[in-house]
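Asker: Protein chains in written order, with the working numbering: chain L, 1 to 99; chain A, 1 to 482.
For every residue, glycine included, the Cβ atom is placed at its ideal position computed from N, Cα and C.
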């Protein structure tokens with residue numbers, strides 16, 4: 001399987017999945033960079049990983065539960081203080097549903 | 001001059017009342033004000049904030065409740081949250097972000113009476129090898145200001161190397177503490193994953209990120225590691241009973257210490273002069289009774305690929321939170337998704353966008369198994385190889401960096417830049433503690449000696465590092481510009 005060649009349409013699709021608005025020239029630049037990187041990344045396709053478990057974390061841990069103790073949360077004002085737009089104690093998001 | 005002292009020497013003077021905490025903090029603030037124009041190491045300096053902490057430190061010193069770090073200036077990489085002090089991650093997308101809470105390391109520093117002198121420059125979201133990817137300009141190496149300090153914690157490394165702060169903290173995801181420590185001629189230590197809380201560290205790759213100290217000496221780095229480490233219920237990956245103990249720091253010996261050099265970290269990738277300095281350092285350790293073994297850890301060859309698949313995959317998920325709604329500026333557009341896309345597209349830098357794209361691709365349908373899943377399998381193999389090696393060895397050693405500090409803008413090939421992480425990546429993959437100690441000069445620039453140990457061997461690692469530093473027998477080398 002040749003995984004390394006990524007088309008401009010695929011780059012456009014990945015940018016959409018990643019929620020990144022990119023100009024046509026940026027898309028072309030990223031196509032070149034992605035293909036160069038993915039070309040180098042081909043080396044691990046040759047590694048025999050038969051029967052190998054994936055290692056998702058540095059130190060294996062399981063079932064980390066916290067005590068159910070109420071703590072003082074951030075105040076509403078503190079939580080909203082960094083937002084670009086707020087109203088009546090709420091975050092204002094760009095319009096989702098048109099009138 | 002106060003700034004020339006190590007943190008432990010400063011501490012002695014503070015405890016002996018030869019100098020006040022305010023005088024020490026002011027001395028470093030003055031240096032930042034006059035000298036940082038040459039380095040661009042700091043993004044935010046809040047003198048009032050620092051001096052208020054110095055006053056608290058002085059009251060601890062006066063009341064006999066002071067510790068080793070009381071009154072000692074510490075600089076923080078600007079990806080650690082500080083209540084009321086701007087935290088940018090060197091990104092335009094967090095240009096105006098002022099956290100409403102402190103990272104756990106910040107809380108611990110404040111409790112210990114340290115004074116936080118400022119927030120340091122970094123590669124945007126800690127993504128970079130040379131600290132040239134900051135939205136606020138590159139950081140300059142005090143050994144040669146036309147050269148890079150290494151990244152991504154370049155500002156924190158330069159803060160200590162250029163004596164703008166006595167100590168500093170960085171974060172290390174694939175070498176971002178040890179690599180700049182090596183290029184700037186200071187000590188940089190990445191503790192075992194889980195021994196320092198990540199709470200309040202803006203996440204890049206959560207399974208790899210670890211906070212750690214920079215200092216002029218192993219002792220300084222150890223003092224800071226002791227203060228910032230320990231279990232934290234706010235970080236679900238925090239390890240129980242994990243505070244790093246340093247009471248026996250100076251009682252180690254190199255006699256009989258078994259250290260291994262993997263051939264994969266000693267090949268043609270390493271600059272010949274760097275290799276020569278490293279070999280002389282190894283000879284020094286052998287004279288002191290260390291036993292050196294050469295071995296092969298074949299999976300190291302796949303480390304760079306594995307890292308550049310896993311870290312961007314995690315980053316593509318972690319950085320999804322930056323959408324212009326809850327924090328950061330917002331670019332308005334035709335609809336809500338368009339607004340997210342415009343905000344992210346215009347405010348993230350190129351390297352961050354590239355890594356988000358790589359990660360999104362590696363996690364996407366049809367490619368997950370071939371890239372992300374396989375990279376995790378190779379990560380497991382690499383970790384196992386190291387763990388097997390540790391059955392016969394105390395530590396694995398290598399040069400920290402294949403090269404000395406490169407000229408700013410000198411490496412344009414993106415894969416060549418990423419390949420510089422070769423020696424540092426394995427420790428992050430396995431969660432191992434790892435340190436870089438200055439071991440000499442090549443081309444009149446610093447070379448770092450890296451020592452990596454098994455999980456939870458931090459105490460032994462620091463003890464051996466202290467003994468190694470003594471064996472190298474060199475006075476701390478200040479950059480000639482100072």
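What residue from A:32, A:444 and A:72 has the CA that sits closest to residue 227 of chain A's CA?
Answerer: Considering only alpha carbons, the answer is A:72.
Asker: Tell me the residue span of the beta strand (DSSP E) that contains residue 168 of chain A.
Answerer: 167-171 is the span of the beta strand (DSSP E), which, as asked, contains residue 168 of chain A.
Asker: For the structure I just gave you, are there three or more beta carbon pairs, one from the region 309-319 of chain A and one from the region 341-359 of chain A, closer than 8 Å?
Answerer: Short answer: they touch.
Asker: How would you label residue 150 of chain A, buried or exposed, when you count the other beta carbons within 10 angstroms and need 16 or more for buried?
Answerer: Burial call: buried.
Asker: I'd like the ranges of any alpha helix (DSSP H) spanning at least 4 consecutive residues and lying wholly in the region 112-169 of chain A.
Answerer: Counting whole runs of 4 or more residues, the region 112-169 of chain A contains the alpha helix (DSSP H) stretches 154-161.
Asker: Is it true that the CB of residue 159 of chain A sits closer than 9 Å to the CB of residue 7 of chain A?
Answerer: No, the Cβ-Cβ distance between residue 7 of chain A and residue 159 of chain A is not below 9 Å.
Asker: Let me know if residue 67 of chain L comes out buried or exposed under the rule of 16 or more other beta-carbons within 10 Å of its beta-carbon.
Answerer: Exposed is the call here.
Asker: Output needed in chain order: residues of the region 76-88 of chain L with a Cβ under 8 Å from some Cβ in chain A.
Answerer: Answer set for the region 76-88 of chain L: 78, 79, 81, 82, 83, 84 and 85.
Asker: Whose CA, out of A:268, A:368, A:216 and A:185, lies closest to the CA of residue 419 of chain A?
Answerer: Answer by Cα proximity: A:268.
Asker: Kindly list, in the order they appear in chain A, the residues whose Cβ is closer than 8 Å to that of residue 19 of chain L.
Answerer: Near residue 19 of chain L (Cβ distances below 8 Å), the residues of chain A are 320, 323, 337, 340, 341 and 344.
Asker: In chain order, what residues of the same chain lie with their CB nearer than 8 Å to the CB of residue 5 of chain A, ignoring the 5 residues before and after it?
Answerer: Taken in chain order, the residues that qualify are 13 and 166.
Asker: If I follow the unbroken beta strand (DSSP E) through residue 436 of chain A, where does it start and stop?
Answerer: 434-442 is the extent of the beta strand (DSSP E) around residue 436 of chain A.
Asker: Using a cut-off of 9 Å between C-beta atoms, extract the partners of residue 233 of chain A located in chain L.
Answerer: Per Cβ cutoff of 9 Å: 66 and 67.
Asker: Which residues of chain A have a Cβ atom closer than 8 Å to the Cβ of residue 9 of chain L, listed in chain order?
Answerer: Within chain A, no residue comes near residue 9 of chain L; the closest Cβ sits about 13 Å away, beyond 8 Å.
Asker: On the criterion of 16 or more Cβ atoms from any shown chain inside 10 Å, does residue 443 of chain A qualify as buried, or is it exposed?
Answerer: It is exposed - the Cβ of residue 443 of chain A has fewer than 16 other Cβ atoms within 10 Å.
Asker: Applying the criterion that 16 or more other CB atoms from any shown protein chain within 10 Å of the CB defines a buried residue, is residue 40 of chain A buried or exposed?
Answerer: Label assigned to residue 40 of chain A: buried.
Asker: Tell me, please, whether the region 361-381 of chain A touches the region 15-33 of chain A by the rule of three or more beta-carbon pairs shorter than 8 Å.
Answerer: The region 361-381 of chain A is not in contact with the region 15-33 of chain A.
Asker: Check distances from the C-beta atoms of the region 369-390 of chain A to those of chain L and list, in chain order, the residues that come in under 8 Å.
Answerer: The residues in question are 370, 371, 373, 374, 375, 376, 377, 378, 379, 380, 381 and 383.
Asker: So, does the CB of residue 101 of chain A fall closer than 9 Å to a CB anywhere in chain L?
Answerer: Yes, residue 101 of chain A counts as interfacial toward chain L.
Asker: Please report the straight-line C-alpha distance between residue 69 of chain L and residue 193 of chain A, rounded to a whole angstrom.
Answerer: Computed Cα separation, rounded: 27 Å.
Asker: Mapping DSSP to helix, strand and coil, what is residue 449 of chain A?
Answerer: Looking at residue 449 of chain A - three-state DSSP - the assignment turns out to be strand.
Asker: Just mark residue 467 of chain A as buried or exposed, buried being the case when its beta carbon has 16 or more other beta carbons within 10 Å.
Answerer: Counting Cβ neighbours within 10 Å, residue 467 of chain A comes out buried, since at least 16 surround it.
Asker: Can the beta-carbon of residue 92 of chain A be found closer than 9 Å to that of residue 340 of chain A?
Answerer: No, these two residues do not count as a Cβ contact at 9 Å.
Asker: Unbroken alpha helix (DSSP H) runs of length 4 or more, entirely within the region 194-236 of chain A: which are they?
Answerer: As far as the region 194-236 of chain A is concerned, its whole alpha helix (DSSP H) runs of at least 4 residues are 218-228.
Asker: In whole angstroms, what is the alpha-carbon distance linking residue 88 of chain A and residue 223 of chain A?
Answerer: Distance between the alpha carbons of residue 88 of chain A and residue 223 of chain A: 27 Å.
Asker: Are at least three pairs of beta-carbons, each pair with one atom in the region 20-35 of chain L and one in the region 274-282 of chain A, less than 8 Å apart?
Answerer: Too few Cβ pairs lie closer than 8 Å, so no.
Asker: With distance defined between alpha-carbon atoms, name the residue in A:414, A:432, A:97 and A:116 nearest to residue 175 of chain A.
Answerer: Of the candidates A:414, A:432, A:97 and A:116, the one whose C-alpha sits nearest the C-alpha of residue 175 of chain A is A:432.
Asker: So with CB distances below 9 Å, who are the chain L contacts of residue 202 of chain A?
Answerer: By Cβ distance, chain L contributes nothing, its closest Cβ being about 13 Å from residue 202 of chain A, past 9 Å.
Asker: Considering only their Cβ atoms, is the gap separating residue 121 of chain A from residue 43 of chain A smaller than 9 Å?
Answerer: Taking 9 Å as the Cβ cut-off, residue 43 of chain A and residue 121 of chain A qualify as a contacting pair.
Asker: Could you tell me which uninterrupted alpha helix (DSSP H) segments, each at least 4 residues in length, are contained entirely in the region 17-92 of chain A, listed from first to last along the chain?
Answerer: List check, alpha helix (DSSP H) in window: 21-35 and 47-63.
Asker: Name the chain L residues that come within less than 8 Å of residue 39 of chain A, Cβ to Cβ?
Answerer: Within 8 Å Cβ-Cβ: nothing; residue 39 of chain A doesn't reach chain L, min ~29 Å.
Asker: Just checking: is the beta-carbon of residue 24 of chain L within a distance shorter than 9 Å of some beta-carbon in chain A?
Answerer: So no, residue 24 of chain L is outside the interface.
Asker: For residue 70 of chain L, decide whether its Cβ has a neighbour in chain A, counting only Cβ atoms nearer than 9 Å.
Answerer: So, not an interface residue.
Asker: For residue 127 of chain A and residue 396 of chain A, I'd like the C-alpha separation in whole angstroms.
Answerer: Rounded to the nearest angstrom, the two C-alpha atoms are 26 Å apart.
Asker: Which of the three DSSP states is assigned to residue 2 of chain L in this structure?
Answerer: With a pLDDT of 47 at residue 2 of chain L, under the threshold of 50, the modelled position of that residue is not reliable, and the figure given next carries that caveat. Reduced to three states, the DSSP call for residue 2 of chain L is coil.
Asker: Measuring straight from C-alpha to C-alpha, what distance separates residue 82 of chain L and residue 36 of chain A?
Answerer: Cα to Cα, the separation comes out at about 29 Å.
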